[in-house]
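Peer 1:
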Amino acid sequence: MLELDSITKRFGEAAPALDALSLRLARGEFLSLLGPSGCGKSTTLAIIAGFLDPDAGRIRVDGRDVGELPPRRRGLGLVFQDYALFTSLSVRANLAFGLEAQGVPRAERRRRLEELARRLDLGGLLGRSARSLNMSEMQRVAVGRALITRPALLLLDEPMSNLDAHLRQRLRTELKQIQAELGQTVLYVTHDQAEAMSMSDRIAVMRGGRLQQVGTPEEIYHRPVNRFVAEFIGDPPINLVPCTVRPGTGGAAVSSPLSPASSFQPGLSPMQGEHLLALRAHDIRAVRAPGGAAGVPAKVRFVENLGAQHVLHVELAGSLVRVVTTPGLAAEGDTLHLTADLAQAHLIEAATGEVVRASGRRELAA
Amino acid sequence: MTAALSVSGLVKRFGSVEALGGVSFTAGEGEFFTIVGPTNAGKSTLLKTIAGLHAPDAGKVAIDGRDITDLEPRRRGVSLLFQNAALFPNLTGFENIAFPLRAAGTGTAEIERRVGEVAGKLGVGHLLGRHPRTYSGGEQQRVAIGRALARRVPVVMLDEPLTNLDARTRIALRIEFKALHRELGQTILYVTHDQVEAMSLSDRILVLSGGRVEQIGTADEVYRRPATRFVAEFIGSPPMNILEVELEDTAEGQVVRAPGLTLRVPGPLPPGGKRGRIGLGVRPEEVAVAPEPGDATPIAGEVFWVEHLGDRSILDSRLGGQTVKVAVPPRHPVSGVGRAFFGLAPRPEHLLDLSSGRFFR
Amino acid sequence: MPDLAAARRRPALTLLKRTAVLVAMAISFFPIFWLFSTSFKPVDEWASWPPVWVSRHPTLQNYRIVFFPEAARTFAEAQKGSLDYKVSGSAWRAFGDSALIATASTALSVLFGTLAAWSIARYRTGGASLPLQFLSVRMFPPIAVVVPIVAMFSVLRLSDTYLGMILAYTAFTLPFSVWMIRSFIEDVPAELEGAAMVHGLGRFRAFLHATMPLIWGGLLATALFIFILNWSEFLFALVLTSGKVITVTLQVANYVSASSGKLYGVQAAMGAISTLPVVLMGYLIQRHLVRGLTFGAVKR
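Chains as they are written, first to last, in my numbering: chain R, 1 to 366; chain W, 1001 to 1361; chain D, 2001 to 2300.
1) Exposed or buried, which one is D157(R) when buried takes at least 16 other CB atoms within 10 Å?
2) Residues of chain C with CB closer than 8 Å to the CB of S1200(W), please, in chain order.
3) Can you find the residues in the same chain that come closer than 7 Å, C-beta to C-beta, to G35(R), ignoring five residues on each side of it along the sequence?
4) Evaluate the contact criterion for the stretch 1169–1179 of chain W versus the stretch 1196–1203 of chain W: three or more CB pairs, one atom per stretch, below 8 Å.
5) Check for me: the alpha helix (DSSP H) holding P2197(D) runs from which residue to which?
6) Please state the DSSP three-state secondary structure of A2005(D).
7) Tell me which residues of the stretch 1299–1326 of chain W have at least one Cβ-Cβ distance to chain R shorter than 7 Å, keeping chain order.
8) Mind reading off the beta-carbon distance from V1078(W) to A1051(W)? Whole number of angstroms is fine, and I expect it under 8 Å.
9) I believe G2164(D) touches F2153(D) by the beta-carbon criterion, under 8 Å. Please report the beta-carbon distance rounded to the nearest angstrom.
10) Less than 8 Å between the CB atoms is what I'm expecting for G376(R) and L116(R), so what's the real figure, rounded?
11) For G2218(D), decide whether its Cβ has a neighbour in chain W, counting only Cβ atoms nearer than 8 Å.
12) With 8 Å set as the bound, which would you pick, yes or no: does the beta-carbon of H1193(W) sit closer than that to a beta-carbon of chain R?
13) Cutting at 6 Å between CB atoms, please list the residues of its own chain near L240(R), excluding the five before and the five after it.
14) Given a cut-off of 8 Å, decide if R2203(D) and M2212(D) are closer than it, judged by their beta-carbon atoms.
15) In chain order, what are the residue ranges of uninterrupted beta strand (DSSP E) at least 3 long that sit wholly in the stretch 1251–1304 of chain W?
16) I'd like to confirm the pairing. Which residues does DSSP put opposite C243(R) in its beta bridges?
17) Measuring CA to CA, which of L1165(W), A1003(W), G1125(W) and G1253(W) is closest to G1137(W)?
18) Identify, in the order they occur along the chain, each residue of the same chain with its Cβ nearer than 8 Å to the Cβ of G1357(W), setting aside the five sequence neighbours on each side.
19) Taking the alpha-carbon positions, what's the T1134(W) to A1150(W) distance?
20) Using a C-beta cutoff of 8 Å, does R202(R) count as contacting chain W?
21) State the start and end residues of the unbroken alpha helix (DSSP H) segment that holds I2185(D).
22) Are any of the Cβ atoms in chain R nearer than 8 Å to that of V1196(W)?
23) Can you tell me whether V186(R) is buried or exposed, with buried defined as 16 or more other CB within 10 angstroms of its CB?
24) Can you give, in chain order, each stretch of the alpha helix (DSSP H) that sits fully within the stretch 2122–2167 of chain D and has at least 4 residues?
25) P1100(W) versus chain D: which residues are under 7 Å apart at the beta carbon?
26) Taking C-beta pairs closer than 9 Å, name the residues in chain W that Y221(R) reaches, listed in chain order.
27) P2213(D) bridges to which residues according to DSSP?
28) So what's F2295(D) in DSSP terms, helix, strand or just coil?
29) Scan the stretch 161–172 of chain R for residues whose Cβ lies nearer than 8 Å to a Cβ of chain W and list them as they occur along the chain.
30) From which residue to which residue does the alpha helix (DSSP H) around R1318(W) run?
31) Please report the straight-line C-alpha distance between P224(R) and E1244(W), rounded to a whole angstrom.
32) Tell me which residue opens and which closes the beta strand (DSSP E) that S2274(D) is part of.
33) If you compare alpha carbons, which of E114(R), A49(R) and F86(R) is closest to S129(R)?
34) Is there a Cβ of chain D sitting closer than 8 Å to that of I1050(W), yes or no?
35) With a threshold of 7 Å on Cβ separation, who are the neighbours of D1220(W) within its own chain once the five nearest residues in sequence on each side are excluded?
36) For the alpha helix (DSSP H) that contains Y1223(W), what are its first and last residues?
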């Protein structure tokens, strides 16, 4: 129901902040705009909301071009960073604000207020001052304030970025539940990949004003299209290991420090030049068996204890490779034998950063 | 140069608010000791009190047995890195890092050498001639760390140094910290609100909430044997599930019951364990789940929402009449909404007294 | 982030806004224009009706009267009256006395103001009420405290002395400097002083090295503001002096004679010249001024 068609925005002579960005959002969908600072996600939000005019391109909401409309007529709800509640007003006044501003009659205002308060479990808070709320309550009021005008689209601009990790997790769940229950279409801007992965139906990864990839969390995680997406998504970050690629008939032979025995990959036709093998930390098996075990030996430099699992930083060919293991497998200084699950690996061209795709098939065969 | 830091009974009030309600702990020589807790737990107040920027209302601070409670900040032998870097904007990067050395009256040649050494370790040599306003967030933090380390002090304190950085930079700097600590061997007191960071970096962790110590222990201890409900729900992501169950004695031993499930608890129970309504703590990765009933997964339940996090999926499930989060590895047979079968193995050390919030010990 | 370039243009509104600004500017600048214009007018144009906007016979006589006593006497003879004895003195002394008093009291006010503001801002000295108490001193109309102050000065033998004037001016402007400098200090995060203390400086040196360099602009802006207050002060200059000490404002007021009435042209000349030191000071520190004036305004 939201369509961005080739949006371009320039600030001064420098490279464009947004470069021919096109994106579609379906009704009821939760889409995250994810990217590092400066990638253009907040600019995109500002353009959709109507605070900025694009230099080129069209914005359509439910088929209607809204480019000429001021923000208040675009059918949007907006939740800001830090929620930005009106601290001098009560919760009731905060919620009703948009409706009062639009001149909605009192009876209708009261009706919607009660319905929303029920939905968001704000009943007991209506009389309280906005200043006296805790974070969870503030989020619900901020969302309620944005939703009371029944917007077609709800925009959120990194609302949780200033909260501590624990609180963020709880609020994430609550927000997602509200959205799912109401069937509200949401566009969520964030730089935190875990947040995007956890809440979104689809994620649009941005960098330097351009979309890198749009897809479900699963697609983005398991089938990244380029190096940037592969590195940006996932904690611990994906391992990138240099490898050599020799084209042959019907495919190529790939060998790397993780898989020294050159393995033939049918269907791939990589270009000449340097390549990287990208492999997730949980797709590398590590065993301690000394002697006689298959696998590449590597020494453990650091152990990150994450409770449910350990992330071992092991030294391989001069750099550190991350391996996820069950707790207690190894300590610093131990030597492990690594076996890579090549079926899950991606081959990346070092020069372009593109993931090499097999014609038809994508995965490397082990 | 390194030393043990010991804090006993530290109390600090601001007006009627008690920011620290009697905090005690000891960080051993060369230890990486982390204080973790939610916002307003009192973490920054604790560091500033140890540094001497706040005067405690009660309690003592000692380094290597020497009482420093009444000393001026500069005489305590501690260094503090502030949450927002607090670099001097009117000085260059070089001057910022050199600041503690100049204040101590170090000679110019030695200052040059030391600043160069520290800058090299942190990879900020190219920033030394510029002013902090031209730095990125990550660069500011590195220079601030350089300033904190310039003078060799026994105890280095870092107040949420990675919090203001974006997620990517945070993850990258985490390991650098570990490496730095390895090299320098100083006692480090590290504050963060991110429990993953705390677990990943520390030798020992102190969980702080509302100005009080919830638990002190290694990452393993705090994870496997949380002392209180707060620790169980704060450490680990997603947090530990706390199921409400009835604990009963039967002919076969102790049993916990909830709608739709009856489970044996291997004995003996720790002392202080009462019967009746209690909490059962279960970590998300300890719940077995399968599409069909089996020996390990006898309990019927329903998955109503799935979070795909990439390296694992979180299944929000309903069983025993309650919501339970279950963590499964990628490409697990159960990865969508619908009926499923679960298995739990209760542990005696995860039985919780609901009224006191403490686990049976 | 509103895009002003895309603001809907409405010419009528812009014209109205522009006109309003012009009117406001005209009202503000008119006295200054009149001052300079009058300073060049010959006697007959000083108070003529209809008013002479720009003199048709501009002269430097008023300025000569201000600076040279012989010119004053010549003028008096030409007017066939005698001049009040105060006026036959030259204005040089007035400029000198004003410069001394205004500069010294500005410096003292900023100095003490900074120390007090630091103590209040960082250490909450005096609790929440002290800053307001400071400011409340200036909420009394000065005329209300004239009598007690004159009496006090008389007892302390400070009347008609440089020391007395400097003390008085410092005291009167202290609330302003405390109030203004406090907001500048509060804009600098306290963490910077904390960092300086942790890294080896004592409390005061931490303030000097960490915070002071960042509030220079604010201090200069405050100094200029207070200098203007001191330089243009009239009431207490009048009641606390009796001839030995004379300020520019008093000198202007003294250009009156029994026979000729107020010597508007001479007063205007004196007034015009006395704007120069302030303008000069503002020019010298203008780089810091804009930053200083708006520094405290935006709270992030």
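Cβ coordinates follow ideal geometry from the N, Cα and C atoms, glycine included. Computed from a predicted structure; not experimentally measured.
Peer 2: This is what the structure holds:
1) Classified as buried, D157(R) has 16 or more neighbouring CB atoms from the shown chains inside 10 Å of its CB.
2) No chain C is present in this structure, whose protein chains are R, W and D.
3) In the same chain as G35(R), and ignoring 5 residues on each side of it, the C-beta atoms closer than 7 Å to its own belong to K41, H191, V205, M206 and R207, in chain order.
4) Counting Cβ pairs under 8 Å, three or more are found: they touch.
5) For the sequence presented, residue 2197(D) should be read as Met rather than Pro. Element bounds for M2197(D): A2190 to V2198.
6) Reliability fails at A2005(D), whose pLDDT of 40 lies under 50, so the model's placement of it is uncertain and the value that follows must be treated cautiously. A2005(D): helix per DSSP, three-state reduction.
7) Listed in sequence order: E1307, H1308, L1309, G1310 and D1311.
8) Between V1078(W) and A1051(W), the beta carbon gap of about 5 Å places them in contact (Cβ cut-off 8 Å).
9) Right, the Cβ-Cβ distance comes to about 6 Å (below 8 Å), so this counts as a contact.
10) Since the first and last residues shown for chain R are 1 and 366, residue 376(R) lies out of range.
11) For G2218(D), the closest Cβ of chain W is not nearer than 8 Å.
12) H1193(W) belongs to the set of residues whose beta carbon lies under 8 Å from a beta carbon in chain R.
13) Cβ neighbours of L240(R) beyond the five flanking positions: L276 and A278.
14) Result no, Cβ atoms of M2212(D) and R2203(D) do not sit closer than 8 Å.
15) Entirely contained in the stretch 1251–1304 of chain W, the beta strand (DSSP E) runs reaching 3 residues are, in chain order, 1253–1258, 1261–1264, 1276–1282 and 1288–1290.
16) Per DSSP, the beta bridge partners of C243(R) are H275(R).
17) Nearest C-alpha to G1137(W): L1165(W).
18) Hits under 8 Å: T1228, R1229 and F1230.
19) If you draw a straight line from the Cα of T1134(W) to the Cα of A1150(W), it is about 21 Å long.
20) So, not an interface residue.
21) Counting along the chain, the alpha helix (DSSP H) containing I2185(D) begins and ends at Y2162 to D2187.
22) With 8 Å as the cut-off, V1196(W) counts as an interface residue toward chain R.
23) V186(R) comes out buried.
24) The qualifying runs are 2130–2136 and 2142–2155.
25) What P1100(W) touches in chain D: H2199 and G2200.
26) Neighbours of Y221(R) in chain W, taken as residues at a C-beta separation under 9 Å, are given in chain order as H1308, L1309, G1310, D1311 and P1330.
27) For P2213(D), DSSP assigns no beta-bridge partner whatsoever.
28) Note that F2295(D) has pLDDT 46, beneath the 50 cutoff, so the model's placement of it is unreliable and no number is given.
29) If the cut-off is 8 Å between Cβ atoms, the stretch 161–172 of chain R has L163, D164, A165, H166, L167 and Q169 near chain W.
30) Where R1318(W) is concerned, there is no enclosing alpha helix (DSSP H), although the beta strand (DSSP E) it sits in stretches over S1313 to L1319.
31) So the alpha carbons of these two residues sit roughly 42 Å apart.
32) Per DSSP, S2274(D) belongs to no beta strand (DSSP E); it is in the alpha helix (DSSP H), Y2264 to L2284.
33) The residue with the shortest Cα to Cα distance from S129(R) is F86(R).
34) It does not: the Cβ of I1050(W) has no partner Cβ on chain D nearer than 8 Å.
35) Sequence-distant partners of D1220(W) (beyond 5 residues in either direction) whose C-beta falls short of 7 Å from its own C-beta are missing from its chain.
36) It spans A1219 to R1224 - the alpha helix (DSSP H) in which Y1223(W) sits, taken as one unbroken run.
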